[in-house]
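2 protein chains.
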Amino acid sequence: MQFNVFKDFFNPKFELFLRDLKINEDFLEMLIYTPLAGGKRLRPFIIFSIGKELGIEQEILERVGFAVEIFHSGSLIHDDLPSIDDDRLRRGKKTHHVKFGEDNAILTGDYSMLLPVKILNSLPVNSEISKKIVALWIDCSLNVVLGEYLDVKMNKVPNKELLKDIYILKTAALFKFCFAAPFILKDQKYDEPEKIGTDFGISFQLLDDIKDEISSSEVLGKTPGKDKKQNKLTILKFVSLNEAKKTAKEIYFNSLKRVSILGLKETSQELRSIFDLIEIS
Amino acid sequence: MQFNVFKDFFNPKFELFLRDLKINEDFLEMLIYTPLAGGKRLRPFIIFSIGKELGIEQEILERVGFAVEIFHSGSLIHDDLPSIDDDRLRRGKKTHHVKFGEDNAILTGDYSMLLPVKILNSLPVNSEISKKIVALWIDCSLNVVLGEYLDVKMNKVPNKELLKDIYILKTAALFKFCFAAPFILKDQKYDEPEKIGTDFGISFQLLDDIKDEISSSEVLGKTPGKDKKQNKLTILKFVSLNEAKKTAKEIYFNSLKRVSILGLKETSQELRSIFDLIEIS
Chain A
5 MQFNVFKDFF NPKFELFLRD LKINEDFLEM LIYTPLAGGK RLRPFIIFSI
55 GKELGIEQEI LERVGFAVEI FHSGSLIHDD LPSIDDDRLR RGKKTHHVKF
105 GEDNAILTGD YSMLLPVKIL NSLPVNSEIS KKIVALWIDC SLNVVLGEYL
155 DVKMNKVPNK ELLKDIYILK TAALFKFCFA APFILKDQKY DEPEKIGTDF
205 GISFQLLDDI KDEISSSEVL GKTPGKDKKQ NKLTILKFVS LNEAKKTAKE
255 IYFNSLKRVS ILGLKETSQE LRSIFDLIEI S
Chain B
5 MQFNVFKDFF NPKFELFLRD LKINEDFLEM LIYTPLAGGK RLRPFIIFSI
55 GKELGIEQEI LERVGFAVEI FHSGSLIHDD LPSIDDDRLR RGKKTHHVKF
105 GEDNAILTGD YSMLLPVKIL NSLPVNSEIS KKIVALWIDC SLNVVLGEYL
155 DVKMNKVPNK ELLKDIYILK TAALFKFCFA APFILKDQKY DEPEKIGTDF
205 GISFQLLDDI KDEISSSEVL GKTPGKDKKQ NKLTILKFVS LNEAKKTAKE
255 IYFNSLKRVS ILGLKETSQE LRSIFDLIEI S
């Protein structure tokens, strides 16, 4: 499946899954707000692309994708809070705390960050595989939180070395999971997929920084140039736009090559199509 | 072991465990602040008491106890935030956000609520048991968050029926886990322990409400009468102090009886000793 049609395939299933959760009705409305507010669904796309090529059952891949998207939304809800990034607009809509209040945003974020563990721990797979998936997941989700902490902290004292750690923890951790999870489900070794996922994630964050620098409001759905305005620490504080583009492309295409070497030719091509869509030059 | 000496046994081990976590040094300082700020250690005491009588290895019980205490601290850090309970004092010390700032309190809370999954998923037990422990754990931790949401919400519209739900979700969920976890570790049925834990938790919350109403500052380590001042919804909004005491005692002692019926005579006596220490009349 191509990236540009994946969203239309994924979103209806995701919405059904969310609306079917057995929790307090008012809370559910708050829980589904951010996951359903949009988003590229890049992370579940990666899981699907690799998982399909490995021959994993679609229903399992869906659930893993839901888990990642729910967590990602939860971490965005917290990042957007006034005491952290103070964002009022996300994916073209009001951020969670603007819509529901800070107290509710904190608790919805908590729930969204915990719920994926339940989803991943109850996949219809044997308990050995289940344990491995949860182990990798919880490490990645803890790293996302730690990365956000470093991000908040290092904005006060810019440091290029730390920036790489932030990229690895805050963004690349989830990609690492997405690349490795299908291999765990297939009961295969997953150290190389983890490494590829990390590199892919780093290049994705670089591309995101670059896009934020050059894009217009319509494309982003968030305040453009905001990172710069907030004096937010990105790679562009240390290198030129051209240099950043060059580095991002190199890492991105090197990841695709390694995906191909793992035998996933189709995935490699599908990931290539993403790059064309988020073209930055 | 008696409850009054358990803290001195548990705390040094807990501190060692926390300080040994392999994470960023500054973040670690924030992570250990609330767990080491005090607390009765009632939840790990229950796990120990039941687990020892069932013959579970001590090191495993310790880790389960650490997990519960870390999560409990994380949820307190979020509850204390200005947009939720706005507490500035907890266990006689500054609350987390007063000490480290709101941004750090949010992220430390996130980490503390996720970390227990890692601890419980890596216990040295077989993967079937591991999966069961994580499944019960994640349900209980999600319920704590949902209970806090209802608590925040229902303070605006008091409702006695909802109060019971709040007690069950916000407080009793963790007790349910503490009562059931040792039985899971022993690979035994755990539905009755879950029920006893829930009832025990409800009675504990009632006792806590009653204590808050009648205690002095030294005993509580938090602003006394604060619940009332904030117009916080507790059982005392609906029944008299005497009636609340009577109900709390009845549920508490009924739980102990059922613990005894399960064959845990020693545990039943140890839990009895807790009641004598938190005597409320």
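Which chain is which? The protein sequence lines are A and B, in order.
Just add 4 to wherever you are in the first sequence, counting from 1, and you've got the numbering used here.
Just add 4 to wherever you are in the second sequence, counting from 1, and you've got the numbering used here.
Virtual Cβ for every residue (Gly too), placed ideally from N, Cα, C.
- Within the segment 157-230 of chain B, the complete alpha helix (DSSP H) segments of 4 residues or longer fall at 164-170, 177-189, 195-218, 221-224, listed in chain order.
- Put simply, the CB of L119/A is near chain B, with a gap under 9 Å to one of its CB atoms.
- Bounds of the alpha helix (DSSP H) holding G113/B are 106-125.
- At least one beta carbon of chain A lies nearer than 9 Å to the beta carbon of G105/B.
- Boundaries of the alpha helix (DSSP H) harbouring R47/A: 46-58, taken from the DSSP string.
- For the segment 71-100 of chain A, the residues whose beta carbon sits under 7 Å from a beta carbon of chain B are, in order, H82, L85, S87, I88.
- Counting every other CB atom within 10 Å of its CB across the protein chains shown gives K250/B a total below 16, marking it as exposed.
- Taking 9 Å as the cut-off, the beta carbon of N108/B is found no closer than this to the beta carbon of V263/A.
- Within chain B, no residue has its beta carbon less than 9 Å from that of L237/A; the closest one is some 15 Å off.
- Listed along chain B, no residue sits closer than 9 Å to D24/A by beta-carbon distance, the nearest being about 16 Å off.
- As DSSP reads the structure, K97/A sits in a beta bridge with R94/A.
- The beta-carbon separation of I74/B and G113/B, rounded to 11 Å, does not stay under the 8 Å limit for a contact.
- For the segment 135-159 of chain A, the set of positions with a beta-carbon nearer than 8 Å to some beta-carbon of chain B reads K135, V138, A139, I142, D143, S145, L146, V149, L150, E152, Y153, L154, V156, K157 in chain order.
- Judged by DSSP secondary structure, N258/B falls within the alpha helix (DSSP H) whose first and last residues are 245-265.
- Against chain B, the CB of L210/A has no partner CB under 9 Å away; the residue lies outside that interface.
- Secondary structure of P16/B (DSSP, three-state): helix.
- Contact with chain A is found for K122/B, since one of that chain's Cβ atoms lies less than 9 Å from the residue's Cβ.
- Of the residues assessed, V148/A falls on the buried side of the cut-off, its CB having 16 or more other CB atoms within 10 angstroms.
- For S126/B, the chain A residues whose Cβ falls inside 8 Å of its Cβ are A139, in order along the chain.
- Shown here, D24/A sits in coil according to DSSP, grouped into three states, outside any helix or strand.
- Taking the C-beta atoms as reference points, Y171/B is found nearer than 9 Å to I206/B.
- Not a single CB atom of chain B sits nearer than 9 Å to the CB of D191/A.
- Taking a Cβ-Cβ threshold of 9 Å, none of the residues of chain A is close to L166/B; the smallest such distance is about 10 Å.
- Using a Cβ distance threshold of 9 Å, G43/A and A185/A do not count as a contacting pair.
- Between F31/A and chain B, the shortest Cβ-Cβ separation is below 9 Å.
- When Cβ-Cβ separations below 9 Å define contact, Y115/B makes contact with chain A.
- Where M34/A is concerned, the enclosing alpha helix (DSSP H) starts and stops at 29-37.
- Three or more Cβ pairs closer than 8 Å define a contact, and the segment 47-63 of chain A meets that threshold against the segment 183-201 of chain A.
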